[in-house]
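Residue numbering for the sequence shown follows our numbering, beginning at 15 and increasing consecutively.
Glycine is no exception: its CB is placed at the ideal position from the N, C-alpha and C atoms.
For clarity, every value in this text was computed on a predicted model and none was experimentally measured.
Since the structure comes first, as structure tokens, the remarks are kept for the end.
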Amino acid sequence: MPASNMPIPEGPDAARLDWDDLRYLLAVARGSSLSAAARVLRVTHSTVLRRVEAMEAKLAVRLFERLRTGYVCTEAGESLRRAAEQCETLIAQAEREIVGGDTRLTGHVRVTTAHVVAMYLLPAALATFHAHHSQIEVEVRTARARVDLARREADVAIRMSADVPDTLVGRQLGQVRIRVYGWHAAPCLATIKPQSLLPLEALTRDFPWIGFDGQDRSYDRWVDTHVPSQVVVARADHFPSATALIKTGMGISILPEFVASDVPGLRALSEPIPALQSPLWMLTHVDLRNTARVRAFMHIAGNALEAALK
Numbered sequence: 015m016p017a018s019n020m021p022i023p024e025g026p027d028a029a030r031l032d033w034d035d036l037r038y039l040l041a042v043a044r045g046s047s048l049s050a051a052a053r054v055l056r057v058t059h060s061t062v063l064r065r066v067e068a069m070e071a072k073l074a075v076r077l078f079e080r081l082r083t084g085y086v087c088t089e090a091g092e093s094l095r096r097a098a099e100q101c102e103t104l105i106a107q108a109e110r111e112i113v114g115g116d117t118r119l120t121g122h123v124r125v126t127t128a129h130v131v132a133m134y135l136l137p138a139a140l141a142t143f144h145a146h147h148s149q150i151e152v153e154v155r156t157a158r159a160r161v162d163l164a165r166r167e168a169d170v171a172i173r174m175s176a177d178v179p180d181t182l183v184g185r186q187l188g189q190v191r192i193r194v195y196g197w198h199a200a201p202c203l204a205t206i207k208p209q210s211l212l213p214l215e216a217l218t219r220d221f222p223w224i225g226f227d228g229q230d231r232s233y234d235r236w237v238d239t240h241v242p243s244q245v246v247v248a249r250a251d252h253f254p255s256a257t258a259l260i261k262t263g264m265g266i267s268i269l270p271e272f273v274a275s276d277v278p279g280l281r282a283l284s285e286p287i288p289a290l291q292s293p294l295w296m297l298t299h300v301d302l303r304n305t306a307r308v309r310a311f312m313h314i315a316g317n318a319l320e321a322a323l324k
């Protein structure tokens, strides 16, 4: 509907937006689509569409251009997006200051981490934490895009990374070591003596491989650099799906050691690869470090994760 044909809002509050409206606008602007915004906001596609149309009706102006490439802010939408981001920063700061002084060992702790950590390393640590603090509910979120703790998108981040932003505080839990693994009953390993480790040059040349889908991650780059494309028989999008393919016996690949320790039947074929070693950090925003439930989680779950990496 053209902006000129939109119904004119009536009444003193007709064109007034609230923070919930602005959250929807920001999600659409950042994701460039209704479906991306719906995933972030955890609502349906139709709910996002309805909220966007309601905002445009309130203001009697078009906020987004609907293009083939996605939703793009109009001049009015861009102006509102900038204002919304300023509001978001102030609200998040106020929330962190309030939550940061919370001394209760109840409530929620939101944790963000990589999918492979959530599947293979974190569950036992969560069980240990629950045994000590059953009144604290832990919500685990996995996302490929880095979650912003400053915007209160999570309370704690568990990251495999050498880079730690200045706004975050925490502890290094240990080193994630990565080796080449295969399935113990894979046909391609039939002639290899049990427990024997092979040079990387032989592994990347003489065996079928499970590759990765070419994202800009350190292990994607390593495989693309060291493994000839002609020996790649399949590709996975991350370590858990690579593990599932390895278990079929169709090929070998690289995996973190903590995956192998949780999956009986995986067989190490190489020494740890120094170029792929990465520290594992548990981090929170500096304003949340004294929140009782966050501090308790970082201590108990952190100790459990540290022990699992040794």
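When you compare each of the options to residue i by their alpha carbons, which one comes out closest?
i      : options                           : result
Leu77  : Arg160, Arg95, Leu297 and Pro242  : Arg95
Ala250 : His240, Gly265 and Pro242         : Gly265
Leu31  : Ser60, Ala43 and Ala71            : Ala71
Cys87  : Pro213, Arg56, Leu40 and Val62    : Leu40
Trp197 : Asp177, Ile224 and Thr142         : Ile224
Phe226 : Pro208, His252 and Leu212         : His252
His122 : Leu323, Tyr85, Ala216 and Phe311  : Phe311
Asp34  : Val57, Ala50 and Ser49            : Val57
Glu271 : Gln100, Tyr195, His313 and Gln186 : Tyr195
Arg307 : Ala199, Asp169, Thr262 and Arg173 : Asp169
Helix, strand or coil for residue i? Go by DSSP, reduced to three states.
i      : result
Pro293 : strand
Met264 : coil
Ile206 : coil
Arg75  : For clarity, residue 75 is Val in the given sequence; the question names Arg instead. Here Val75 sits in coil by DSSP.
Arg193 : strand
Leu323 : helix
Val245 : helix
Arg80  : strand
Val66  : helix
Val86  : strand
Pro16  : With a pLDDT of only 43 at Pro16, under 50, the local geometry of the prediction cannot be trusted, and the value read off the model is given with reservation. If DSSP states are grouped into helix, strand and coil, Pro16 belongs with coil.
Trp33  : helix
Give the C-beta separation of residue i and residue j to the nearest angstrom, bearing in mind that I take them to be a contact with Cβ-Cβ under 8 Å.
i      : j      : result
Cys202 : Pro222 : 6 Å
Ala289 : Trp236 : 6 Å
Gln149 : Leu182 : With a Cβ gap of about 26 Å, Gln149 and Leu182 do not count as contacting.
Gly188 : Leu283 : That belief does not hold up - the Cβ atoms of Gly188 and Leu283 are roughly 23 Å apart, past 8 Å.
Val190 : Leu36  : In fact, because the Cβ distance is near 38 Å, the residues do not count as touching under 8 Å.
To which residues of the same chain is residue i closer than 7 Å at the C-beta, ignoring the five residues directly before and after it?
i     : result
Ile22 : Legend: pLDDT at Ile22 = 39, less than 50; position of this residue unreliable, value from coordinates given subsequently. Closer than 7 Å at Cβ, skipping near neighbours: Ala74.
Val54 : Ala41 and Gly45
Are any of the Cβ atoms in chain D nearer than 8 Å to that of residue i?
i      : result
Gly184 : In the structure shown, chain D does not exist; there is a single protein chain.
Take residue i and list the residues in its own chain whose beta-carbon comes closer than 8 Å to its own, dropping the five residues that flank it on each side.
i      : result
Leu140 : Val152, Val154 and Ala315
Identify every run of the beta strand (DSSP E) within the stretch 216–243, keeping only runs that are complete inside it and at least 3 residues long; order them along the chain. Inside the stretch 216–243, DSSP marks whole beta strand (DSSP E) runs of 3 or more residues at positions 223–226, from first to last along the chain.
What ranges does the alpha helix (DSSP H) occupy inside the stretch 270–316, keeping only unbroken runs of at least 4 residues that lie completely in it? Whole alpha helix (DSSP H) segments, 4+ residues: 271–276.
For the stretch 123–208, list the beta strand (DSSP E) runs that are entirely contained and at least 3 residues long, ordered along the chain. Within the stretch 123–208, the complete beta strand (DSSP E) runs of at least 3 residues are 150–156, 170–174, 182–190 and 192–197.
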